[in-house]
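Heads up: the protein sequence lines correspond to chains A and B, in order. If you count by our numbering, then the first sequence holds residues 450 to 666, one letter each, in order. If you count by our numbering, then the second sequence holds residues 450 to 666, one letter each, in order.
Number of protein chains: 2
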Amino acid sequence: MTSSPYHHGNLREALVDAAVDVVRDGGPEALALRELARRLGVSHNAAYRHFADREALVDVVAERALAGMVDLVHRRLAGVTEADPVSRARRRLMEIGEGYVEFALTQSGLFRLLFTAYPEPPASKGADGTLAPGDDPYGMLNAALDDLVAVGFLAPEDRVGADVTCWAAVHGFAVLNIEGPLRGLSPAERQATLAGLLMAIDRGLGAGGDWPALARS
Amino acid sequence: MTSSPYHHGNLREALVDAAVDVVRDGGPEALALRELARRLGVSHNAAYRHFADREALVDVVAERALAGMVDLVHRRLAGVTEADPVSRARRRLMEIGEGYVEFALTQSGLFRLLFTAYPEPPASKGADGTLAPGDDPYGMLNAALDDLVAVGFLAPEDRVGADVTCWAAVHGFAVLNIEGPLRGLSPAERQATLAGLLMAIDRGLGAGGDWPALARS
DNA sequence: CCGTTGAAGTTACCGCTGTCAACATCGCCT
DNA sequence: AGGCGATGTTGACAGCGGTAACTTCAACGG
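Put into structure tokens, the structure is as follows:
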């Protein structure tokens, strides 16, 4: 619609769009430059004028996927209505987890690609980023956990590993349900087990030290 | 050593051995039939006399990987010395988790392959199996959780989703540390965060129902 | 002792992939 | 007008999985 400014149209965007489309329900391994070019009516190698190699295109798709996931979680967070600060903070944490899983299940191809080429290691969250510190799932998780501390639900000394614990649990659940042995669960079973997982996390976060013999090897 | 009974030796086993070797630290995507044949001094296509296609070889490698992981966890379980039944059961659960992660980190390629071709969906655990019900990680996890119930640490009504919760948490931790954004953690950080995760699970399992507003959507 | 048979391995080919190099085209700017 | 640089095309190479037809060789029966 916007006219074709150059030779044959605005590739790059068309390539990225098509790539997202292909990956969404085929996973990263379904992304083939030649087949993409074929589908766009352009000759193979045309893509190399816009991306150094396949990996470069994958990276752009990963950014899109990440943005989509952040968007989905944001929408979920916006729907939280609890008034009581503690309930609200706990609910927000659960919404993040559920949103994460929802994205993983509904856009499983993009989710899988995301974890073969994760855009930015979260260690450098606030470094010199073009990315606001809360605009990736890990940042949102950390914000929610900080809220839990501020609100008094989570003891500050239990805050330290909580981010990894939450992320690991939810991520593992997603992976096992997509490519792992838990695919094939009915949506109802899935929702129930996810609820159980989130409740376990909610309760387990304040882990105190009731395990003296832990330090080993 | 055992002589070469046929044309050129006992392929198949040599193929599987080499495949395990390649996959161990290259992941499933590093497994190429042709390169394997080349390394064994045999012509490509020779493998097709022993495996229908690449996938068939992958499946055999997956079985080996699974056996290796089970073996590792068994060895860890054999080292548990706690006398008190409750402590012992809890310790055994943690050993399973730590063994799972240890295998994932030290044999990451095999671990990754395992979850692109998991041998048997655990739903049919005791069906008509050639596999004893406790001889896969999921079975061992379930046995440990049953122990926790028998010993009184875990309420029977909290038993139901506990398997998925444990598996998801530990699996997610492993994945995030291998291919995900948590690679690059130092071993010490890793051990500390894993300990936190396991403690959170240990505490969170008895999740009771202190979240009335959970039923939604 | 010889010949047949069937398993194991080989050569040749096909289509697919990513990637490099050389060539063609077209808009814009001097 | 002319050229330059961005864009796209054609052609080639290597590597991959997979199929088909051919060859080798050990074992077994007559």
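Quick reminder that beta carbons are idealized off the backbone N, C-alpha and C, glycines included.
Shown in chain order are the members of the stretch 592-614 of chain B whose Cβ falls below 8 Å from a Cβ of chain A: 609, 610, 611, 613, 614. At a cut-off of 9 Å between beta carbons, residue 497 (chain A) makes no contact with chain B. Taking C-alpha positions only, residue 588 (chain A) is separated from residue 539 (chain B) by approximately 33 Å. Think of a sphere of 9 Å around the beta carbon of residue 628 (chain B): the chain A residues whose beta carbon falls inside it are 564, 565, 567, in chain order. The Cβ atoms of residue 482 (chain A) and residue 514 (chain A) do not sit closer than 9 Å to each other.
Contact between residue 619 (chain B) and residue 621 (chain A) is confirmed by a C-beta separation of about 7 Å, below the 8 Å threshold. The beta-carbon of residue 650 (chain B) is placed less than 9 Å from the nearest beta-carbon of chain A. Think of a sphere of 9 Å around the beta carbon of residue 624 (chain A): the chain B residues whose beta carbon falls inside it are 564, 617, 620, 621, 624, in chain order. In terms of Cβ geometry, residue 496 (chain A) and residue 460 (chain A) form a close pair [threshold 9 Å]. With fewer than 16 other Cβ atoms inside 10 Å of its own Cβ, residue 524 (chain A) counts as exposed. Going by DSSP, residue 611 (chain A) is part of the alpha helix (DSSP H) stretching over 611-627.
By the rule that beta-carbons nearer than 9 Å mark a contact, residue 548 (chain A) does not touch chain B. Annotation: residue 475 (chain B) to residue 558 (chain B) spans about 6 Å, alpha carbon to alpha carbon. Shown here, residue 564 (chain A) sits in coil according to DSSP, grouped into three states, outside any helix or strand. At the C-beta level, residue 647 (chain B) and residue 593 (chain B) stay beyond 9 Å of one another.
Of the other Cβ atoms in all chains shown, 16 or more fall within 10 Å of the Cβ of residue 624 (chain A); this residue is therefore buried.
Rounded to whole angstroms, the Cβ separation of residue 626 (chain A) and residue 526 (chain A) is 22 Å, and the two are not in contact under 8 Å. Taking every protein chain shown into account, the CB of residue 585 (chain B) has 16 or more other CB atoms within 10 angstroms, so this residue is buried.
Near chain A, meaning a CB-to-CB distance below 7 Å, no residue of the stretch 474-489 of chain B qualifies. Contact check for residue 616 (chain B) against residue 654 (chain B) fails: the beta carbons are separated by 9 Å or more.
Secondary structure note for residue 536 (chain B): its alpha helix (DSSP H) is the uninterrupted segment 534-555. Under the three-state reduction of DSSP, residue 645 (chain A) is assigned to helix. For residue 631 (chain A), the closest Cβ of chain B is nearer than 9 Å. Contact between residue 507 (chain B) and residue 480 (chain B) holds: their C-beta atoms lie close to 7 Å from each other, under 8 Å.
In this structure, residue 565 (chain A) places its C-beta atom within 9 Å of the C-beta atom of residue 477 (chain A).
Residue 523 (chain A) carries a helical assignment under DSSP once its states are collapsed to helix, strand and coil.
DSSP places residue 591 (chain B) in the uninterrupted alpha helix (DSSP H) bounded by 586-599. When secondary structure is reduced to three states using DSSP, residue 510 (chain A) falls in the helix class. At a cut-off of 9 Å between C-beta atoms, residue 644 (chain A) counts as an interface residue with respect to chain B. Inclusion of residue 462 (chain A) and residue 561 (chain A) in the CB contact set at 9 Å is not warranted, their separation being larger than that value. Under the Cβ distance rule, residue 653 (chain A) counts among the residues neighbouring chain B, one pair being separated by less than 9 Å. Taking all protein chains in view, the Cβ of residue 546 (chain A) is crowded by 16 or more other Cβ atoms within 10 Å, so the residue is classified as buried. In the DSSP annotation of this structure, the continuous segment of the alpha helix (DSSP H) that includes residue 473 (chain B) starts and ends at 462-473. Shown here for residue 521 (chain A): same chain residues with a beta carbon closer than 8 Å to its own, the five before and five after excluded, namely 548, 551, 552 in chain order.
Listed along chain B are 609, 610, each with a C-beta nearer than 9 Å to that of residue 641 (chain A).
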